[in-house]
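**Q**
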Amino acid sequence: MNPSNTDSVLIKTVAVDLKDLLQLSVIPDSVDREDLAKAIAPMVSQLLNREFERFLQLCYRLDLGEGKVREILNQSPPEEITERMSLAIVDRQLIKVHFRKKYSE
Numbered sequence: 000m001n002p003s004n005t006d007s008v009l010i011k012t013v014a015v016d017l018k019d020l021l022q023l024s025v026i027p028d029s030v031d032r033e034d035l036a037k038a039i040a041p042m043v044s045q046l047l048n049r050e051f052e053r054f055l056q057l058c059y060r061l062d063l064g065e066g067k068v069r070e071i072l073n074q075s076p077p078e079e080i081t082e083r084m085s086l087a088i089v090d091r092q093l094i095k096v097h098f099r100k101k102y103s104e
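This is the structure:
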């Protein structure tokens, strides 16, 4: 399998995982991490703005480090927080899926 196919499979796996974790009805077939981050951004924004406790629980379930969350919340311009948090969530899931795949072989 070439690297781009591997990346595509990882992104699709992450998309399914995030769809379940965020309880989304649909998620588009994403081709890259940025597209996937944009797809989950509305839910991340809702959690950040209206259900912060649930957002923190999600971060815990995703194993998104407290330091990373604080860094994004404290050092990002307000208009970029949702985008950066969405990318951090996608990146963390990509790492988890990569290691899950690596150690299951």
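Reminder that position 47 of the sequence shown reads as 46 in numbering that gives the first Met the number 0, one-by-one numbering, no gaps. Using N, Cα and C, we set each Cβ at its ideal position, and we do this for glycine too.
#1: What is the C-beta distance between S82 and A38, in whole angstroms, given that I count them as a contact (C-beta under 8 Å)?
#2: Of all the options E70, V96, L63, which has the alpha carbon lying nearest to the alpha carbon of I88?
#3: Could you give the residue range of the alpha helix (DSSP H) that holds I88?
#4: Return the first residue and the last residue of the alpha helix (DSSP H) that G64 is part of.
#5: Please state whether DSSP places E33 in a helix, a strand or coil.
#6: When the distance is taken between beta carbons, is T12 closer than 8 Å to V96?
#7: If we ignore side chains and look at the alpha-carbon of each, how far apart do Y59 and I80 end up?
#8: If we call anything under 8 Å between Cβ atoms a contact, is M105 one with L55?
#9: Quick one, are the C-beta atoms of L86 and A36 less than 8 Å apart?
#10: Identify, in the order they occur along the chain, each residue of the same chain with its Cβ nearer than 7 Å to the Cβ of L93, setting aside the five sequence neighbours on each side.
**A** Quick answer:
#1: Taking the sequence shown and counting its residues from 1, one reaches residue 82 at position 83. Taking the sequence shown and counting its residues from 1, one reaches residue 38 at position 39. Sequence inspection shows Glu at residue 82; the Ser mentioned does not correspond to that position. Wrong, their Cβ atoms sit about 12 Å apart, outside the cutoff.
#2: Looking up residue 88 in the sequence shown gives position 89. Ranking the options by Cα distance to I88, first place goes to L63.
#3: Within the sequence shown, residue 88 is the residue found at index 89, counting from 1. If you look at I88, you'll find it in the alpha helix (DSSP H) that goes 80-103.
#4: For the purposes of this step, residue 64 is identified with residue 65 of the sequence shown, where counting begins at 1. Segment: none, G64 is in no alpha helix (DSSP H) and carries neither H nor E.
#5: In the sequence shown, counting from the first residue as 1, residue 33 sits at position 34. E33 falls in the helix class under three-state DSSP.
#6: Within the sequence shown, numbered from 1, the residue matching residue 96 stands at position 97. Within the sequence shown, numbered from 1, the residue matching residue 12 stands at position 13. Yes.
#7: Indexing the sequence shown from 1 puts residue 59 at position 60. Indexing the sequence shown from 1 puts residue 80 at position 81. For Y59 and I80, the distance between alpha carbons rounds to 18 Å.
#8: Nothing in the structure corresponds to residue 105, since the chain is present only between 0 and 104.
#9: Position 87 of the sequence shown holds residue 86. Position 37 of the sequence shown holds residue 36. Yes, Cβ-Cβ distance for L86 and A36 is below 8 Å.
#10: Numbered from 1 along the sequence shown, position 94 holds the residue referred to as residue 93. Excluding sequence positions up to five before and after L93, its CB lies within less than 7 Å of the CB of L9, V13, R32, all in the same chain and listed in chain order.
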